[in-house]
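First the structure, in the form of structure tokens, and then the observations on it.
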Amino acid sequence: MKSFNLKNFDPKHSLFIEASAGTGKTYTIQLMVSKLISQGTPLKKILIVTYTEKAAGELKDRIRKKINEVLEFKKINKDDSDEPELSKDVLSLFAKANQDVDNAAIFTIHSFCQKALKEYAYDAGRPFDMGMIDDAAVTTLVEQYIRDQWVNDEKFQKLLASEKTESLTNQLTETIVSAINNYKGCCKKGEIIPLDGPSLPKINGQEVPLSALEKISKATCYNDLKCIPGFEDELTFFDSVSNTEKRATEFTEKIKSWTNESQDLLFNGHSFTTKSFSETTLPHFNAIKEIRELIKSAPKHLYRAQYEEFLCKQIPILFDKWQKAKKDDKRQSFNDMILSVHKAITESDNLKEKLRQQFNFAIIDEFQDTNKLQWDIFRTIFLKDQGKAVEGHSIFVVGDPKQSIYSFQGADVNVYKEAILEINNGTSLNNNFRSTTGIIEGCNELFKGSFFTPAESSPELVKFQPSGAPTNESQVKVPPMISGKEVAPIWISENEISSLNFARSAVAKIVDWCSFENGKTKLQVFDKKDCRKYRNVSFKDFAVLARTRSEMEVMEDSLRHAGIPFSRYKDNNLFNSRECAEWIALFRALNAPDFSAWNRKLLSEVLITDFFKTVFTKKDNSSEDHSMDELHYVDSKVFDDPNNRERKLLNVWRDLALKRRYAEMLERIYSDTQIEQRLMDISKLQNLAKLRQIGNYAVEFLYSHNCSLEDLVRHLEGLAAFRDDADDEDGSLVEKGTDYDAVQVMTIHASKGLEFPVVISVAGFKGVNNLSRGPFLYHDDNGIHLGLGSDAKEIRKAEELEEWKRLFYVDFTRASSILMLPRYENWTKKDKSGAIISVKPEFKFLHDSHKEFCENAVCIENAENSVFEYPCYTILKTDSDWSIAEKKKLVREYILQPLSKNSSSAESTDNIEELIQEQKGIMEDLQKHVPQACIMQYSYSSLSGKADNGISNEDDTPIDQDGNEESSVADVAGKNKVSIKSIDVNALDCTLAYEESRDYQSHYEENLKKFPRGSKLGNAIHHVFERAKFFEIGQQLPTLESALADSKCINVVEEEFKNEALPIWNHKKEWTDIAIAYLWNTLNAKLPAIAGNCATGEFFTLTEIPLENHKAEMQFNLNAGTSEELRRFCKGFIDLMFVRTDAQGNNLYSILDWKSDVLEENRYTPEALKERVDADYSIQRVLYSYCLIQWLKQFYGEGTAENLTEEEIFNKHFGGIYYAFVRGTQGGTGKGIYAQTWKCYDDLKNAYGEIKKLMSK
């Protein structure tokens, strides 16, 4: 294949470019875009699609930089001396492109589809305002079908008869959810990804039909077995050889006389063996033995076939139902966006014509990670449509099949192969600009042999072509040097090494190579700024790459023991860490009212955390039994004394938490425990970073959600367990905090697109994954399929092994100067004596590749060679003298101390505390400028926290580290405090008056029925009310009894409780009845009618409000500044906004908020409601009501038909604000409903003015 040359690039013809690792793929895309611009193509006419948002952003920056370069040097390729300067007219095209680059069409596949569906919703036949949903939510639909639809299905009942109910339903749910995420439904041509039928056993190459399996399973005699393919033919053969085979007749008679009461199955295996027949007859005897095995396993085969048949029928039905449910709810998943564009483009002309008008050219980056749907979309728009070439359009795809490693995300390397055959015009990028010549030649040798040879019966998807070094001498990297002498680029371990010994040997090299000699590190690598010069290395130049996270742990332990800082790149397991567990233990202890009885163990748990490490120092210096271990010591009587120092500290922090002074609590925890000082050691900085990140996140969560410590503990536990209900709503849990000098530890997938001077590959000591129960995407000569059976599973396993090879290609090619490889002992099978028997199939490609490399490359025993012959390698000697103390000493003396003297980028332990204090001072100074430099965002809950920063301020006396009061310190905490209750003092309470005859106590015995409390229940109840159709409930469910029996209501409650992980399945009847009673009573409660500044004396119920007149979850964004320039704004969601009409025909707009609060003694009197709303929701009611008036200005304000002022809008169209305390409502009464307005608009406006003051605090 020819190398890519810009001069030969003709945009009129579509093109594929195969770009190996490090060959300048992104730079080539920049050149292509530049040539298109130079030929008069506006930047907006070029569609560029890449794999990630990060890559899209970087590509946009690179294209901007390239355009500026062209404008500066007046050439597309400034390094090409033969290229003439561009004319003024052409440069003006680049000047225009420079203006348009921010709006360049550079997308991921999902953002491209999302934009196409949004801009051309009508042409795509989609609603304009589609929300997002995760396809995992289909679980609810599957469970509903199991419960409501399949219970009467005959085939489902057959399966239940053969399997435990819970086991079967779990299997079905897991399989169907997975299938729906892979199955793509149908288009005009049929199934997009065909779903296989049930897998059936085979005899003599023939499938045994399902009907035959049923008959065989129930067989009582030989005649019932005649349905087995080829069975009678085999017996006929034995009859034909009865004259020559002595025992043939006896054998056939035995079989034909078989009944299910016979002692043997068909025949006795001891009486008839392979020795009973001649060689010519033996194959037929073996065929009968195979049939006997089939009969024995027929029930198992039958169950599996029936199970798969049931799934094959239900998967398309459920897929269509799920798609319809999402469409009805105006929701879509990421997969749906691609499916919708695919359908719109392949089944009609509207959308594809619009996109063709918008774009003339497409550049698809990382094309090896595409799939069939995506290729269908781009091919139809830019290449071929119904077999005809698309005129005036071209597509350019850039990729590397050797780096296709994302099949678990839907990538399909087979599509790459299909696409390049269809484009039929290709070039390649072969010169590696990333690595030294030694690495390039070494990788060529590793990959050239049997590495990419596919397993038997698997297609060849990758043809390895060697990469070359740059032809320009100035771009050739200098080789690595150790102590001033060149060294081999590939370091391979000794044979049969353990994962622990390899990790220790690699860590020993990190310590040695980062050590200083005469002001330089022993290892010197090329400087990226000038690749002909050398530079020092630091810890961050080393990358440890693993296939899975579990493969990282041995190396991390060795790094930790040596005192070397390391960081997991893109660590998604922050909350699944020891630091998070310790915060949870601390918050549990603070939430405990005391430490008596069961709560004593909470005290013990927190005392063994890092927060209280000084406890054990104190123990060692005390008269306590020194032999007592930590676990027994924290349970000892020392800590039963309430005046114990640790107990007093916990009380101080608890008091701060009760006053909601969480930020102060956090700082006191840090200062009182001195934990930061104890984690200053450089090897523990990763632990300190995690600790602070989780602590900061916890405090932010407490403030932003206005929740309790108990809610916080549940949330952190959810994050630690990766539960969906514990998702961080901001989408970014914490900052990384990994910009210090540390070894980077990451998965190979995370390393894609990155490069490192030294790569240590630890991958390969954990075996291949055992695939789940399916379904399995696999390929054959007819394309891609979705299968459920064993054949599909085996093909998929083979395909994953081929992908594993590509994963190691990515692994090895991340290195730019040195690559360190293991030869693990677990790659081979051994006998009891330890002798190698064979190589395990999944590791054979690695074992053979390393073996062939060592046979063909030059082994450099020492660095005395003046000239190196590539490829070459050095044996990594096993570190047999591993000493933790010695390694830590070497790190401190030969790396950290010289760094503190010579480098501004790293500091010794002694300097770190001083630096942290300096950084705190800088941050405080920066904070002063934040309001002027940022747009500040507020919500009612965050403003409530600012209003009462210390709800009960009876005693703000500071307490010292020993838990004693510092009475000499003046109390200044409460001087400038804004009280929540003082914000809205002129509210007009319209709540229905107290009726002495009425019982205002909630009548549900929730405690007896263990009905839940807390934020999860609040969320579930809110969602139930959001989904309620008020008017329909009023018409169809006139009584509470009818509501309790309504299946729709029951299903909604169950679904919402399950979505919040509330165990409703254990309390189904009780909890469902209580929740439905809340719903019915609230919707049928009497609400006092409000018009402007007064109550009218009339009443209404929510069941009188038609569906089109109420809207749930109404979002608002309010500019909270005084100028038009946006400096601060307030945002939030109003639970319910509804419209009524008064006697004069005016629309009255009202707000209602659902509250699941439990009031004291379960009493919901008007006075109790007012007290709760005044205390907790004064800010909310003012904020929401003021926002409503501002929103109504667009319909009734200045310039509209009515042309009203804000005050007139309030008087004519404001319908009041209501709080429905759903635990206390009762149908037909006003119980549990708080209602209010204001005497005049100025009262509302003035109250809002008080809130605005909080936004400037």
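Residue numbers for the sequence shown follow my numbering, beginning at -11 and rising by one. Just so it is clear, CB atoms sit at the ideal spot from N, CA and C, and this is done for glycine as well.
Query - Cβ neighbours of glutamate 1250 in the same chain (closer than 7 Å, five flanking residues each side left out) - result: Residue 1250 lies beyond the residue range present for the chain, which begins at -11 and ends at 1245; the question has no answer from this structure.
Query raised in the report: How about glutamate 1044 and alanine 1008: are their beta carbons less than 7 Å apart?
Result: yes
Requested in this report: Report the option in Gly218, Ala407 and Pro1094 whose CA atom is closest to the CA atom of alanine 275.
Outcome: When the alpha-carbon of alanine 275 is set against those of Gly218, Ala407 and Pro1094, the nearest one is in Gly218.
**Report entry** Cβ-Cβ distance between isoleucine 303 and serine 2 below 7 Å
**Finding:** Their beta carbons are not under 7 Å apart, which means isoleucine 303 does not touch serine 2 by this criterion.
Requested in this report: Pull up the distance between the alpha-carbon of glutamine 949 and that of glutamine 1224, whole angstroms please.
Outcome: The predicted model places glutamine 949 with a pLDDT of 39, which falls under 50 and marks its position as unreliable; any figure quoted below should be read in that light. About 48 Å.
Report task. Could you check which residue in Asp1145, Gly1133, Gln1132 and Met1102 has the C-alpha nearest to that of leucine 1124? Result -> Closest by alpha carbon: Met1102.
Query raised in the report: Leaving out five residues before and five after phenylalanine 307 in sequence, what residues of the same chain have Cβ atoms less than 6 Å from its Cβ?
Result: Ile168, Tyr171 and Gly173
Query raised in the report: For the stretch 493 to 556, which segments carrying the alpha helix (DSSP H) assignment without a break, of at least 4 residues, lie completely within its bounds, in sequence order?
Result: The alpha helix (DSSP H) runs lying completely inside the stretch 493 to 556 and spanning 4 residues or more are 541 to 550, given in chain order.
Query raised in the report: Under a three-way DSSP split, which group does leucine 996 fall into?
Result: Any reading at leucine 996 needs caution, since the residue's pLDDT is 47, under 50, leaving its predicted position unreliable; the model's value is listed next. Of the three classes helix, strand and coil, the one that applies to leucine 996 here is coil, per DSSP.
**Report entry** Length of the line joining the Cα atoms of threonine 661 and glutamate 983
**Finding:** 56 Å
Report task. Could you say if the stretch 762 to 777 and the stretch 518 to 525 meet the contact criterion of at least three C-beta pairs nearer than 8 Å? Result -> No: fewer than three Cβ pairs fall under 8 Å.
**Report entry** Whole-angstrom distance between asparagine 420 and glycine 456, CA atom to CA atom
**Finding:** 6 Å
Requested in this report: Identify, in the order they occur along the chain, each residue of the same chain with its Cβ nearer than 6 Å to the Cβ of glycine 1218, setting aside the five sequence neighbours on each side.
Outcome: Leu980 and Lys1074
Query raised in the report: So what's glutamate 567 in DSSP terms, helix, strand or just coil?
Result: Note: glutamate 567 maps to helix in three-state DSSP.
Query raised in the report: Between which two residues does the beta strand (DSSP E) carrying serine 22 extend?
Result: First-last for serine 22: 13 to 26, but that is the alpha helix (DSSP H), not the beta strand (DSSP E).
Query - Assigned secondary structure, cysteine 101 (DSSP; H/G/I helix, E/B strand, else coil) - result: helix
**Report entry** Sequence-distant residues of its chain with Cβ nearer than 7 Å to phenylalanine 689 (five each side left out)
**Finding:** For phenylalanine 689, where only same-chain residues beyond five positions count, the Cβ hits under 7 Å are Leu700 and His703.
**Report entry** Through-space distance from isoleucine 326 to isoleucine 180, alpha-carbon basis
**Finding:** 13 Å
Query raised in the report: By the 10 Å Cβ neighbour count, where 16 or more other Cβ atoms means buried, how is tryptophan 138 classified, buried or exposed?
Result: buried
Report task. Could you tell me which of Asn348, Trp363 and Phe349 sits nearest to phenylalanine 355, measuring between CA atoms? Result -> Nearest of Asn348, Trp363 and Phe349 to phenylalanine 355, Cα basis: Trp363.
Report task. State yes or no: is the C-beta of valine 1304 within less than 7 Å of the C-beta of valine 165? Result -> For the chain, the structure presents residues -11 to 1245; residue 1304 sits outside this window and is missing.
Query - Cβ-based burial, arginine 986 [other Cβ within 10 Å; buried from 16] - result: exposed
Query raised in the report: According to the Cβ coordinates, are lysine 63 and glutamate 71 closer than 7 Å?
Result: Yes.
Report task. Within the same chain, show all residues whose beta-carbon is closer than 6 Å to that of cysteine 101, passing over the 5 residues directly before and after it, in chain order. Result -> Met325, Ile326 and Val329
Query raised in the report: By DSSP, does glutamate 743 sit in helix, in strand, or in coil?
Result: coil
Requested in this report: Could you check the C-alpha separation between aspartate 252 and glutamine 194 for me, to the nearest Å?
Outcome: 26 Å
Requested in this report: Pull up the distance between the alpha-carbon of asparagine 579 and that of leucine 590, whole angstroms please.
Outcome: 10 Å
Query raised in the report: alanine 975 lies in the alpha helix (DSSP H); which residues open and close that run?
Result: Looking at the DSSP string, alanine 975 is not in any alpha helix (DSSP H); the run it does join, the beta strand (DSSP E), is 975 to 977.
Query raised in the report: With a cut-off of 8 Å, do at least 3 Cβ pairs link the stretch 462 to 473 to the stretch 834 to 848?
Result: At 8 Å Cβ cutoff, the stretches do not touch.
Query raised in the report: Alpha carbon to alpha carbon, how far is glutamine 311 from glutamine 132?
Result: 15 Å
Query raised in the report: With a CB to CB cut of under 6 Å and the five nearest residues on each side skipped, what residues in its chain are close to glutamate 593?
Result: Ala573
Requested in this report: For methionine 808, name the three-state secondary structure that DSSP assigns.
Outcome: strand
Query raised in the report: Quick one: is threonine 425 buried, meaning 16 or more other Cβ sit within 10 Å of its Cβ, or exposed?
Result: buried
Query raised in the report: Shortest alpha-carbon distance to serine 1295 belongs to which of Leu1147, Val513 and Arg784?
Result: Past the edges of the chain, shown from -11 to 1245, lies residue 1295, and the structure says nothing about it.
**Report entry** Best match in Pro189, Trp479 and Gly472 for proximity to lysine 508 [C-alpha to C-alpha]
**Finding:** Gly472
Query raised in the report: How about glycine 1203 and isoleucine 1078: do their beta carbons lie closer than 7 Å?
Result: yes
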